[in-house]
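Position one of the sequence shown corresponds to residue 1 (my numbering), numbered consecutively onward.
All C-beta atoms, glycine included, are put in the ideal place defined by N, C-alpha and C.
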Amino acid sequence: MARPLPPPGSGGARPADHRPHGDPWQAFGYIVAGVLFYGAVGYGLDRWLGTSFLVVLGILGGAGLGIYMTFKRFDTTDAPKADVRQETR
1 MARPLPPPGS GGARPADHRP HGDPWQAFGY IVAGVLFYGA VGYGLDRWLG
51 TSFLVVLGIL GGAGLGIYMT FKRFDTTDAP KADVRQETR
């Protein structure tokens, strides 16, 4: 028989603003999807334009965008952005 979840507010429940600690498969998926998608776009453009370097740019760009998306998704900094142009007196 399954164990029931504790009632909300009893200290055993997750807080409402709980952020994921990071799923390695999701991070892997972002990077692989970026490489496959942008590599395919580069390959298609290579075939269409008769070049041979766009597939490499697509793969590198897709990997870079996948890494960027991974960092943005699992960013845990909740610090408010401070205005750089604050006046000092």
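Determine the extent of the alpha helix (DSSP H) in which residue i is found, giving its start and end residues.
{"i": "Phe94", "result": "The question about residue 94 has no answer here: the residues shown for the chain are numbered 1 through 89."}
{"i": "Phe53", "result": "Premise fails: Phe53 is in no alpha helix (DSSP H) and is neither H nor E."}
For residue i and residue j, I'd like the C-alpha separation in whole angstroms.
{"i": "Gly42", "j": "Pro4", "result": "51 Å"}
{"i": "Trp48", "j": "Arg73", "result": "34 Å"}
{"i": "Asp75", "j": "Gly34", "result": "19 Å"}
{"i": "Gly44", "j": "Phe71", "result": "28 Å"}
{"i": "Trp94", "j": "Thr77", "result": "Examination of residue 94 is not possible in this model, given that the chain is present from 1 through 89 alone."}
{"i": "Gly50", "j": "Asp23", "result": "40 Å"}
Return the chain-ordered list of same chain residues with a C-beta closer than 7 Å to the C-beta of residue i, the five sequence neighbours on each side being excluded.
{"i": "Ser52", "result": "Asp46"}
Would you please verify whether the beta carbon of residue i is less than 9 Å from any beta carbon of chain C?
{"i": "Thr70", "result": "You won't find chain C in this structure, because it holds only one protein chain."}
Residues in its own chain within less than 6 Å of residue i by CB, not counting five upstream and five downstream?
{"i": "Gly61", "result": "Tyr38"}
Got a sec? Which residues, its chain only, sit under 8 Å from residue i by beta carbon, not counting five neighbours each side?
{"i": "Ile59", "result": "Val35, Tyr38, Gly39 and Gly42"}
How about the stretch 55 to 73 and the stretch 25 to 32: do they share at least three Cβ pairs that are nearer than 8 Å?
-> yes
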